[in-house]
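Student:
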Amino acid sequence: MIQLLHTPFHERTELLCQPKNWRRWAGYLVAGSYEMSLDREYWAIRNTAALIDVSPLMKYLITGVDAALLLNRVVTRDIDKLQVGQVYYTGWCDEDGKMIDDGTLSRLDETTYRLTSAEPSLRWLTMNAVGLELEITEITDSMAALSLQGPNSSSVLNRCCDNPVDEIKYFRLMHNELDGIPISISRTGYTGDLGYEIWIDAKDALPVWDALIAAGHDFGILPVGILAMDMARVEAGLFMIESDYTSSDHAWIKAQQSSPFELGLGWTVNLDKPGYFVGRPALAREQREGSTWKLMGLEVEWDGLEALFKDVGLPPQILSMAIRASLPVRSGKKQIGYVSTATWSPLLKKYIALAHLQKPYFEPGTNLRMEVTVQHHRQYAPARVVTLPFYEPEWKKR
Amino acid sequence: MKTYDAIIIGAGHNGLVSAAYLAKAGKQVLVLESRAIPGGTLVTEEFDGFMADMVQSGNLCPDIIRNLKLARFGLKPKPVSEIPAFISLLPDSDILVLESDPVKAAESIKRFSPKDAARWPDFLTFMEKATKFLESAYDTLMPRLPKVSLSEGYSLAELALDLRLAGRKNMLNIIRVIPMTAVEFLEEWFESEQLKAAVASVGIHGVTLGVMSAGTTFNLIHNWLNRGGLAHQYLGRAGQVTDALVAAAEAYGAEMRLSAEVTSIKIEDNQAAGVVLKDGEEISAQTVLSSADPKRTFLTLVGPMELSPTFVWHTQSIKMRGSVAKLHLGLKSLPDGMAADTTYTIAPALNYLERAYDAAKYGQISEKPYLEVTTSENVISIHFQYAPYKLKQGAWNDKRDTLEKLAVDTLAVHFPELQSSIVKSKLLTPADLETTYSLTEGDLNHGQIMLDQFMFMRPIPGWSNHKTPIDGLYLCGSGVHAGGGISGASGRNAAKVVSKEI
Ligand SMILES: Cc1cc2nc3c(=O)[nH]c(=O)nc-3n(C[C@H](O)[C@H](O)[C@H](O)COP(=O)(O)OP(=O)(O)OC[C@H]3O[C@@H](n4cnc5c(N)ncnc54)[C@H](O)[C@@H]3O)c2cc1C
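Now the structure itself:
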């Protein structure tokens, strides 16, 4: 029998998760939400502090004199520039320059790196390490991870950690201690807000959870499930594998694959780094010739939406959660793209979406139309192309 | 500093053929050979005062001999009447003598089966047609499936025509038998165990397969083509063929440097830029041809970091697995009953051969080995199968005595005086073949001759047209299509591809 795994925090999350809406994430069970509605959890991310169990992230430790050689070969960013204590967000591609996966890469010391991914990556890493002197260890199960997100997150950590976290700059990490437990804290996250990810030996998971909940009490900390995080990440313009792009490992046809340029990750493709890296020739070609698709933001125009609903005698009906579904996008009567995730943004009070648009329709300001379902009928609401992210508080990077 | 149009890694016969063709076409060519003598495996080498041929046959394709005018440099094919016999040594001092003259051969076969004797000429005709087809295939560049370009399509159509010219029945038959086991194929022709086993031995020669393995009929046709029949034919001693190739290449203007091991191929922006030698010297050239085996070329000389992961993986997956050892015996004189310049096979029965192979499957040395023995005036050279490169137990250096004794004892059954006439011996284990001759895993052919590594899949699917993922780097050795064994075909084909591009 196939059994989904429990994360190291399950003893706590199981009791807290009222709706029992467990979600599958990389073979693990995680809470969709802890409360019956997502409102409070969403607002914890934006206003206070949200504690999210992200242990199912795949994690790999890459150690050895040739570790940087391997990573430079696999990922698109220039690893020679990654300093000890720094974190890169990066994607990696197949030989045709199409995205396989994306994740964060932390340099823990001179020759040790930690890579996170959404999909199992051990085989790909090993395949690329032929002849190299290094060791690749999968630490997905042995390392627990919590994401603490929201404007109060630094205050929570300062209250319970031995060393203040204020000094950690955006996409940097530090070693710290909490009640005598060694932890690593990176200033990273998936919400576009001030936030941290905390990396813990799985055996220490529960005391760390408890300490954070206790320290966060005065700062409005709330356990938050992945559904509220899904809304926040769309506002932040962050895409997700399998819903916003298909890993080239899983694509049946070429049309299902995406390049980093098409996903707006051109800034992570360092064609100026020396030597071969996987996908380089194809990526260089795409950079020269330009991409035919681009991931952009789409804002539905409220008046137009309201009018469609008014026709059937209803006020606008929008689910107050992210919808991971493909919705056609048109220019006139012609389909020129599709939305991969749409959400109501409680903060912006807008219906927003991540949209894959064909050239030349991806220019900001372009007026398009996006499918909405009005009383069981498919209709098209007017929408405008905008740059991502939709929302970026000034404290995110400060 | 002198610049070269092309650098060729390895002065084996294929590297030399490429060099001669390119030099003749007016290119500035430099051949770099790691050993102190040229020839690769096509060499006659001295050991303790005896001269031994490493390989049994030294045939080159007739068009290479013609085009490079090798006769001028001392090479002349021998007349058919001088082609030696292929003799199967059987228990109880019996022998089956397969002379190249079909009438004489039929005489010998008759003692074992009159029916087989009657079929022998038809069998030779069929093998003639099959080898002709293979020869055309080895003269055709294989396409990069599944995309076939117009010019590739044209030469493929020509190949299909050659096949068609063999006659409709023969055409279907050739295609039908290629994947068969040697046993199945020969059982369709003959009833005599002795005859079937003698011929089948050529189907397993040089490969780590048994007579009951699929595709050994293909290897039989392949070896038959390279040998020019069952027995090994001689253009001369192995070293003389190499001498002629060196003389020709140099006469056409190629330069050769011996004791010049290439440690890496320089690559700039996915383009070959030259080579680095062991002593650190760098030599530049935009075109590099490698006759080192594909595994060595890509994984050591180019290095996996310059190549895509899938390509590296496919290269790692090339089956090398050598299982041949070579034993040269220097003698006072040939033992009684043994003739010079003759090929003997110890392949008395099909089951005997298959059991010899069984050992290899389990990483063991065959207790009752298949031997092929070639002779000169005072040296006999024993090709020993199976001696697997990867031993299940122990290291090759500890097995030398075991192997030598096995080989000598097996042969001495037929020549009792052998033991006492041995003066010196020289053993080459698969490990020696790797260290001395740069044959990865001791694989004679730079990659097994098997169905999933032939034609458009040699060395790996998509890369059988001599080109490589690195611009300006080409393969010209045995590991690429048309290669495997002595013929020069892959060296010739590579030169044709390269001269079109530089
Ligand atoms: C024991 C034995 C028996 C055989 N029997 C037969 C037979 O009966 N019939 C037959 O047709 N074939 C036979 N073969 C196979 C045949 O000899 C080979 O397939 C053929 O010689 C390969 O020719 P080549 O020129 O492609 O490569 P090789 O002869 O292997 O030549 C390659 C050359 O490259 C050189 N080289 C490699 N790496 C480097 C480097 N880094 N730098 C510089 N130089 C380098 C090597 O030293 C070598 O000289 C036999 C082989 C062996 C070993």
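Quick note, the sequences are listed as chains A and G, same order. If you're matching positions, the first sequence starts at 119 in my numbering and goes up one per residue. If you're matching positions, the second sequence starts at 700 in my numbering and goes up one per residue. For every residue, glycine included, the Cβ atom is placed at its ideal position computed from N, Cα and C.
1. Taking 7 Å as the limit between beta carbons, can you name the residues of its chain near phenylalanine 811 of chain G, skipping five residues before and five after?
2. Can glutamate 295 of chain A and leucine 264 of chain A be called in contact, C-beta distance under 9 Å?
3. Expressed to the nearest angstrom, what Euclidean distance is found between the alpha-carbon atoms of aspartate 348 of chain A and lysine 467 of chain A?
4. Kindly list the residues whose CB is nearer than 7 Å to the CB of leucine 1049 of chain G, restricted to its own chain and excluding five residues on each side of it in sequence; keep chain order.
5. Any heavy atom of ligand 1 inside 8 Å of the beta-carbon of serine 1186 of chain G?
6. Using a Cβ cut-off of 7 Å, pull out every chain A residue sitting near asparagine 1050 of chain G, in sequence order please.
7. For glutamate 213 of chain A, which three-state DSSP category applies?
8. Any C-beta of chain G sitting closer than 9 Å to the C-beta of proline 399 of chain A?
9. Closer than 8 Å: is that where the CB of tyrosine 1136 of chain G sits relative to any heavy atom of ligand 1?
10. Here's the rule: buried if 16 or more other CB atoms are within 10 angstroms of the residue's CB, otherwise exposed. What is isoleucine 873 of chain G?
11. Is it right to say phenylalanine 1112 of chain G is buried, meaning 16 or more other beta carbons lie within 10 angstroms of its own, or is it exposed?
12. Can you tell me the Cα-Cα spacing of glutamate 237 of chain A and methionine 217 of chain A, whole angstroms?
13. Report yes or no: is there a C-beta of chain A within less than 9 Å of the C-beta of methionine 1019 of chain G?
14. In chain order, what residues of the same chain have a beta carbon less than 6 Å from the beta carbon of asparagine 388 of chain A, not counting five sequence neighbours either side?
15. Does the count of Cβ pairs from the segment 714-734 of chain G and the segment 781-790 of chain G closer than 8 Å reach three?
16. Between leucine 1132 of chain G and aspartate 978 of chain G, what straight-line distance do the alpha-carbon atoms span, to the nearest angstrom?
17. Cβ of threonine 824 of chain G less than 9 Å from any chain C Cβ?
18. Which residues of the segment 1161-1175 of chain G have a Cβ closer than 9 Å to any Cβ of chain A? Give them in chain order.
19. Counting pairs of beta carbons, one from the segment 1143-1161 of chain G and one from the segment 816-830 of chain G, are three or more of them closer than 8 Å?
20. Which residues mark the beginning and the end of the alpha helix (DSSP H) in which asparagine 270 of chain A is found?
21. Name, please, each residue of chain A whose Cβ falls closer than 7 Å to the Cβ of glutamate 1133 of chain G.
22. Using 9 Å as the limit for Cβ to Cβ distance, is glutamate 81 of chain A near chain G?
23. Would you kindly report the start and end of the unbroken alpha helix (DSSP H) that includes asparagine 918 of chain G?
24. For the structure I just gave you, are there three or more beta carbon pairs, one from the segment 275-294 of chain A and one from the segment 126-142 of chain A, closer than 8 Å?
25. Taking lysine 452 of chain A as part of the beta strand (DSSP E), name the residues at either end of that continuous run.
26. Just to confirm before moving on: does the CB-CB distance between tyrosine 1085 of chain G and tyrosine 1056 of chain G stay below 9 Å?
27. What ranges does the beta strand (DSSP E) occupy inside the segment 1003-1044 of chain G, keeping only unbroken runs of at least 3 residues that lie completely in it?
28. What are the residues of the segment 480-491 of chain A that lie near chain G, defined by any Cβ-Cβ distance shorter than 7 Å?
29. Report whether the distance from the Cβ of threonine 740 of chain G to the nearest heavy atom of ligand 1 is below 8 Å.
30. Per DSSP, what kind of secondary structure is aspartate 421 of chain A in: helix, strand or coil?
31. According to DSSP, simplified to helix, strand and coil, what is valine 1001 of chain G?
32. Go through its chain and collect everything with a Cβ distance to valine 1011 of chain G's Cβ below 8 Å, but skip five positions before and after it.
33. Might you give, ordered along the chain, the residues of its own chain that have their beta carbon closer than 8 Å to the beta carbon of threonine 916 of chain G, omitting 5 neighbours on each side?
34. What's the gap between the Cα of tryptophan 143 of chain A and the Cα of serine 173 of chain A?
35. Taking 6 Å as the limit between beta carbons, can you name the residues of its chain near leucine 156 of chain A, skipping five residues before and five after?
36. Taking 8 Å as the cut-off, does the CB of glutamate 949 of chain G come closer than this to any heavy atom belonging to ligand 1?
Tutor: Straight from the coordinates:
1. Leu795, Ser891, Gln893, Leu894
2. no
3. 16 Å
4. Val882, Glu892, Lys895, Ala896, Ala899, Val910
5. yes
6. Here the premise fails: no neighbours, minimum Cβ distance about 41 Å.
7. coil
8. yes
9. yes
10. buried
11. The identity of residue 1112 of chain G in the sequence shown is valine, whereas the question assumes phenylalanine. Answer is exposed; the Cβ neighbour count stays below 16.
12. 12 Å
13. no
14. Arg195, Asp196
15. no
16. 23 Å
17. This model lacks chain C altogether; the protein chains it does include are A and G.
18. none
19. no
20. Looking at the DSSP string, asparagine 270 of chain A is not in any alpha helix (DSSP H), and its letter there is neither H nor E.
21. Ordered by position in chain A, no residue passes the 7 Å Cβ test against glutamate 1133 of chain G, which lies about 18 Å from the chain.
22. Here chain A covers residues 119 to 516 and nothing more, so residue 81 of chain A does not appear.
23. 915-926
24. no
25. 452-463
26. yes
27. 1023-1030
28. none
29. yes
30. helix
31. helix
32. Phe997, Leu998, Pro1003
33. Val876, Ile877, Pro878, Met879, Thr880, Ala881, Glu883, Phe884, Gly902
34. 9 Å
35. Leu345, Ala346, Met439
36. no
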